[in-house]
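Trainee: Chains as they are written, first to last, in numbering that gives the first Met the number 0: chain A, 0 to 333; chain B, 0 to 333; chain C, 0 to 333; chain D, 0 to 333.
Protein chains: 4
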Amino acid sequence: MKVKVGINGYGTIGKRVAYAVMRQDDMKLMGVTKTRPDFEAYRAKELGIPVYAASEEFLLRFEKADFDVVGTLGDLLEKVDVIVDATPGGMGARNKALYEKTGVKAIFQGGEKATTAEVSFVAQANYEKALGKDYVRVVSCNTTGLTRTLSAIQEYVDHVYAVMIRRAADPNDTRRGPVNAITPGVTVPSHHGPDVQTVIPINIETSAFIVPTTLMHVHSIMVDLKKPVEAKDIIDIFEDTTRVLLFEKEKGFESTAQLIEFARDLHREWNNLYEIAVWRESVNVRGNRLFYIQAVHQESDVVPENIDAIRAMFEMAEKWDSIRRTNESLGIVG
Amino acid sequence: MKVKVGINGYGTIGKRVAYAVMRQDDMKLMGVTKTRPDFEAYRAKELGIPVYAASEEFLLRFEKADFDVVGTLGDLLEKVDVIVDATPGGMGARNKALYEKTGVKAIFQGGEKATTAEVSFVAQANYEKALGKDYVRVVSCNTTGLTRTLSAIQEYVDHVYAVMIRRAADPNDTRRGPVNAITPGVTVPSHHGPDVQTVIPINIETSAFIVPTTLMHVHSIMVDLKKPVEAKDIIDIFEDTTRVLLFEKEKGFESTAQLIEFARDLHREWNNLYEIAVWRESVNVRGNRLFYIQAVHQESDVVPENIDAIRAMFEMAEKWDSIRRTNESLGIVG
Amino acid sequence: MKVKVGINGYGTIGKRVAYAVMRQDDMKLMGVTKTRPDFEAYRAKELGIPVYAASEEFLLRFEKADFDVVGTLGDLLEKVDVIVDATPGGMGARNKALYEKTGVKAIFQGGEKATTAEVSFVAQANYEKALGKDYVRVVSCNTTGLTRTLSAIQEYVDHVYAVMIRRAADPNDTRRGPVNAITPGVTVPSHHGPDVQTVIPINIETSAFIVPTTLMHVHSIMVDLKKPVEAKDIIDIFEDTTRVLLFEKEKGFESTAQLIEFARDLHREWNNLYEIAVWRESVNVRGNRLFYIQAVHQESDVVPENIDAIRAMFEMAEKWDSIRRTNESLGIVG
Amino acid sequence: MKVKVGINGYGTIGKRVAYAVMRQDDMKLMGVTKTRPDFEAYRAKELGIPVYAASEEFLLRFEKADFDVVGTLGDLLEKVDVIVDATPGGMGARNKALYEKTGVKAIFQGGEKATTAEVSFVAQANYEKALGKDYVRVVSCNTTGLTRTLSAIQEYVDHVYAVMIRRAADPNDTRRGPVNAITPGVTVPSHHGPDVQTVIPINIETSAFIVPTTLMHVHSIMVDLKKPVEAKDIIDIFEDTTRVLLFEKEKGFESTAQLIEFARDLHREWNNLYEIAVWRESVNVRGNRLFYIQAVHQESDVVPENIDAIRAMFEMAEKWDSIRRTNESLGIVG
């Protein structure tokens, strides 16, 4: 029997999770919600995905456009075992009451506070914590990226300082700037460090900056080491770490642009780069400090986490079995 | 029997043409050339494509990287019936002597002068002209875009004035600017008008501007009409024109970003948008002037043209048969 | 006796007009309004400019920051003969009732509808129309730019088609995008043509596009000529036209960036380029069509217009006398 | 008697240093060199600055444009006591032989290796080291920025880790990208740390990233403290440190754009922000770690250093006397 999944919010994350759900043999996509009949809604319909209005207030929009919806979010909730809430940050918390009332499990995204859910989740770091839970939060793209590499080298970590250079807007979000400026988060350390700590116990401080690009976030990471290690050992660990990939500048990976080009060359759907990209040349140890640079594809790195979270919540698979199945279904390399 | 195709230059255009050739049942990809063993070269190898050095001078680079090449361009030329020259603008003309010496037919791209080839080519406009020819030039992305829509409405055209707002660099070209400026081509009319005239006889003048974006070019087109026509007739014509697609701002297509998102939603390889995108709301007739706005995906719109050009040069198919087969193989909509 | 001027809205335009007013020997700046105590408010105070809260609702903000304001807009209105409304587009119309009630004359900016005022104004085109008027609208930066060059060559103009490539946001507006896209105005012709017609009777159609840059707008202009003229005659006219400057690509003016660099080299305040910049090489006549390309510094080109409008409204000077005095005070070249 | 100064290279840095030299009462600008007669050359002439060809090979360019030059670099060297080499990085070292031959003192910029000169210089950190020297290197904009704030708090510093988010190109350099990507320096630690150590002995490691903006560099700085200190003490120190200014996000300084707007509001020539900008809210101490964020105006922060270097080389003034005079002449705040 397949677990029945609904997606509330069919945008950047929601449409990718919907796609991923459709590729799992133990899940069934029951429908998605939209607030307006835009081209993404039409595409969902073309793909045979039932489209619901996100709430009654939006029904008129669909009617005006002669776009038939199956019903509203309330109707969708009646049909599912779990709802993936991929609404804009902060809305998930408001939606939770509805999910509780209907008695469906729910996955929230990283835009919600940790307290919205029972567990903050990154599959390879704490899958077991989500077993059987009703409310799980898949942490943000940046927190997921930090957690993937840091959990792999956790035994060496005394303290982490990570500087995050963030993309200003997603590729299809043309409203937000800046066009030509660097915007610092002036509260240092930023909130991202504590967010990592909702997943793994680690000593971490961060700062964050917004820059005018759309492709990926980049993290400059420095680790104070707890015990000696060499750069090649760290590289070996990353090579053995799922959802982390090493890239060489020497092969032409000069910037985030070529990382995305790599995903395009693979013909990944939406050029998704589910894996955290670490520049091999950047991994370096000097004295008791480890340095490395990684990039995060903010549109897709959390997608496999949503799938694994579902399996954990319904105790459908052991940790590594779930991760393996998710990876294979999405073509995740290693 | 399949026509044997080689690609000289496996970059933005070359890799897409290679992919397209591999999807044709009447063509066989014999190999591609590279100047360096970058990630695109490794990807070619993974795909089972024979990789050649673009010339002997580059062999050392491949040796240093322990990257085995099959040979050099000269070796590839021995094995093919036709070479698609996708080298940077101006190099094709210099390569021509080599092609002539080896006796292979050659397709050049729009960065070469018209005189480099016997015909300047856009399949739906002048396929027949390329029948049996040895040297064909597929015109530039912009010229292809202008020709596709203008040839469809040619009977109404007295004079065209097109302003082209060009992307500064391709997505994976991170060397070129500008970062924050608009660069006009100060020679007005620009060379693009005469370039259209190498394909179709039409009265056209153009100007061109470079702006800091990577996604697509945009054309603002004004036509002095030869005879009356209504906007809806023009829309009907464009709906019936192959490799032209209409998009509605009302459905969320606010900018070039959403056009690319559409291609990503289709899971098009490299988010190729082979079709010229016309904004439906922009098509308007005022008195004897027709206005419309279109966008051109510079990385991919000429790809189907290269395939059709091969068929024409070897007289392998009639015009509409070739176009239909190319379209189907690439998932081109309408 | 000096005319007493207030500025409602001390932002991009307002602060420049305030500066310009302070440089006139027949005007006195009585104060400016702000909605918040930001660095521009502190700068105003440093310059000795009386700062007022834009309305009572904002007083709390100033109190919290211990920023003393002289009063509110209402108080300022008591002290002035004329208020320059430089509030965001659309607010001017709402403010008008207040100005009427207080009996002060008012200048509105181009973000307001033409019907908000008695005259839409560009000094060199229709100064006389504003003589003695109570409500004058200085048209938008783009309309001002089009009007300046087109009014100079009006006798040759049968029809104008202008394509406007617009900056996405002003340099210090970091909220607005797009970061990486071209956004067309899909309603073609756009509203800019009719806006020019509120100033001069001319046959004009326009289209408009937004691109990710902050520096200047660029216009690609094509004129159907009413009578023959040569490019050099047009150049001569532009050389004799006030507030229009010719720039040569040959001297390094490759883009809008170098035009701004020119203003910086002049040590213009805020790198203001009050003059419309025409690329000399772009002026060309082909048959009965004239082409030229111009750039508009959106932050400053309307500033001298506001000054001249004040003089006209109070009949303080004849047209060319006012223009000359404004030009000299601001260092406008020619 | 005034020291006679020449500038080799009248570009971004050279023209600003020329301006600054002209504002000193103990220096005389004898001339500048140019490689081509672009608008900057014409501006120099307008300002009465003698213009020389950078070498004989460029004379033809000037002749073709009917631009009279006084002579070539060799001629200029005959007339000066000191030459400020503001040529592109790496050229200074090649020019040195010529300077030695002519027996003039020379100042190099940060694009040269430290070994090119006798001293690497930041006035407030090591003015005395340059006293009487013949060859002094003013370090790069980034190194100057790091040195200014770090030398002020040096007694508290055990180790510094600074992440530098660099602008891709200067505002009037429209050739360089990237347009839409983040480019990491994959060699970590980067060369910037050792460069700071050419000026002050400090334990520092850095990493560097290029992002698509033109305005300023931004540094995210973390200091392992040698002894306890509170954030407010650090703020007090920075407030007392020359050529360092504190800015509050609360007053609207949200990004580098508003910092530049501040310089524009001051009517600084070329919107120069000679001072290193530290965001007040970013200064924070957590345990034994100090955090702060600063921005560097790459076009201008080294300008006062060039002036002070001249005074030191000719022993014209004591350290603080020189700094004070330079500051006053350029309107440097505090």
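No residue lacks a Cβ here, since even glycine has one placed at the ideal position from N, Cα and C. Keep in mind that this is a model prediction, so the values were computed, not measured.
(1) So if I threshold CB-CB distances at 9 angstroms, which residues from the region 137–161 of chain B count as touching chain C?
(2) When the Cα of residue 209 of chain C is compared with those of C:197, C:164, C:225, C:237, which residue comes out closest?
(3) Scan the region 113–144 of chain D and note each continuous alpha helix (DSSP H) run of 4 residues or more that stays entirely inside, going in chain order.
(4) Taking a contact to mean a Cβ-Cβ separation below 8 angstroms, would you say residue 30 of chain C touches residue 49 of chain C in this structure?
(5) Check for me: the beta strand (DSSP E) holding residue 278 of chain B runs from which residue to which?
(6) Under three-state DSSP, which class holds residue 327 of chain D?
(7) By the three-class DSSP mapping on this structure, what secondary structure does residue 9 of chain B have?
(8) Between which two residues does the alpha helix (DSSP H) harbouring residue 302 of chain D extend?
(9) For chain C, is any of its Cβ atoms less than 8 angstroms away from the one on residue 165 of chain A?
(10) Does DSSP classify residue 168 of chain D as helix, strand or coil?
(11) DSSP beta-bridge partners for residue 218 of chain B?
(12) Candidates D:191, D:93, D:266, D:145: which alpha carbon is nearest residue 277 of chain D's?
(13) For the ligand ATP, any of its heavy atoms closer than 7 angstroms to the Cβ of residue 300 of chain A?
(14) Roughly how far, in whole angstroms, is the beta-carbon of residue 15 of chain D from the beta-carbon of residue 299 of chain D, given that I think they are within contact range, below 8 angstroms?
(15) Let me make sure I understand the geometry here. Which of D:13, D:178, D:0 has the alpha-carbon closest to that of residue 301 of chain D?
(16) Quick check: residue 188 of chain B and residue 259 of chain A, are their CB atoms within less than 8 angstroms of each other?
(17) Can you give me, in chain order, the residues of the region 184–195 of chain C that have a beta carbon less than 8 angstroms from any beta carbon in chain B?
(18) At the level of alpha carbons, what is the spacing between residue 81 of chain B and residue 87 of chain B?
(19) With 16 other CB atoms within 10 Å as the buried threshold, where does residue 111 of chain D fall?
(20) So if I threshold CB-CB distances at 7 angstroms, which residues from the region 238–270 of chain C count as touching chain B?
(21) Any chance you could list the beta strand (DSSP E) runs of at least 3 consecutive residues sitting entirely within the region 51–122 of chain B, in chain order?
(22) Please check if any C-beta of chain A sits within less than 8 angstroms of the C-beta of residue 171 of chain D.
(23) I need the DSSP call for residue 204 of chain C, collapsed to helix, strand or coil.
(24) Between residue 136 of chain B and residue 116 of chain B, which are expected to be in contact by the criterion C-beta below 8 angstroms, what is the C-beta distance as a whole number of angstroms?
(25) Please work out which residues of its chain come closer than 7 angstroms, Cβ to Cβ, to residue 304 of chain C, disregarding the five sequence neighbours upstream and downstream, and give them in chain order.
(26) Just to make sure I have the definition right: I need the residues of chain C whose C-beta is within less than 7 angstroms of the C-beta of residue 61 of chain D. Which are they?
(27) Could you check which residue in A:205, A:211, A:77, A:106 has the C-alpha nearest to that of residue 162 of chain D?
(28) Can you tell me whether residue 190 of chain C is buried or exposed, with buried defined as 16 or more other CB within 10 angstroms of its CB?
(29) Could you give the first and the last residue of the continuous alpha helix (DSSP H) run that contains residue 42 of chain C?
(30) Quick one: using the 10 Å Cβ neighbour count with 16 as the cut-off for buried, is residue 336 of chain C buried or exposed?
(31) Taking all protein chains shown into account, do 16 or more other C-beta atoms lie within 10 angstroms of the C-beta of residue 341 of chain C, making it buried, or fewer, making it exposed?
(32) Could you name the residues that DSSP lists as bridge partners for residue 237 of chain B?
(33) For chain D, check one thing: does any of its Cβ atoms lie closer than 8 angstroms to the Cβ of residue 15 of chain C?
(34) What three-state label does DSSP hand residue 175 of chain D in the structure shown?
(35) Does DSSP put residue 209 of chain C in a helix, in a strand, or in coil?
(36) If we call anything under 8 angstroms between Cβ atoms a contact, is residue 255 of chain C one with residue 215 of chain C?
Mentor: In this structure, then:
(1) 158, 160
(2) C:164
(3) 122–125
(4) yes
(5) 275–278
(6) helix
(7) coil
(8) 302–312
(9) no
(10) coil
(11) B:163, B:293
(12) D:145
(13) Only the bare structure without any ligand can be found here, which leaves the ligand ATP out of the picture.
(14) 6 angstroms
(15) D:13
(16) no
(17) 185, 186, 187, 188
(18) 18 angstroms
(19) buried
(20) 248, 253, 254, 255, 256
(21) 81–84, 104–107, 118–120
(22) no
(23) strand
(24) 4 angstroms
(25) 120, 121, 122, 137, 143
(26) Those within 7 angstroms of residue 61 of chain D in chain C number zero; the least Cβ separation is about 12 angstroms.
(27) A:205
(28) exposed
(29) 38–45
(30) In this structure chain C extends from 0 to 333, so residue 336 of chain C is not present and cannot be described.
(31) Nothing in the structure corresponds to residue 341 of chain C, since chain C is present only between 0 and 333.
(32) Paired residue(s): none; residue 237 of chain B is not in a bridge.
(33) no
(34) strand
(35) strand
(36) yes
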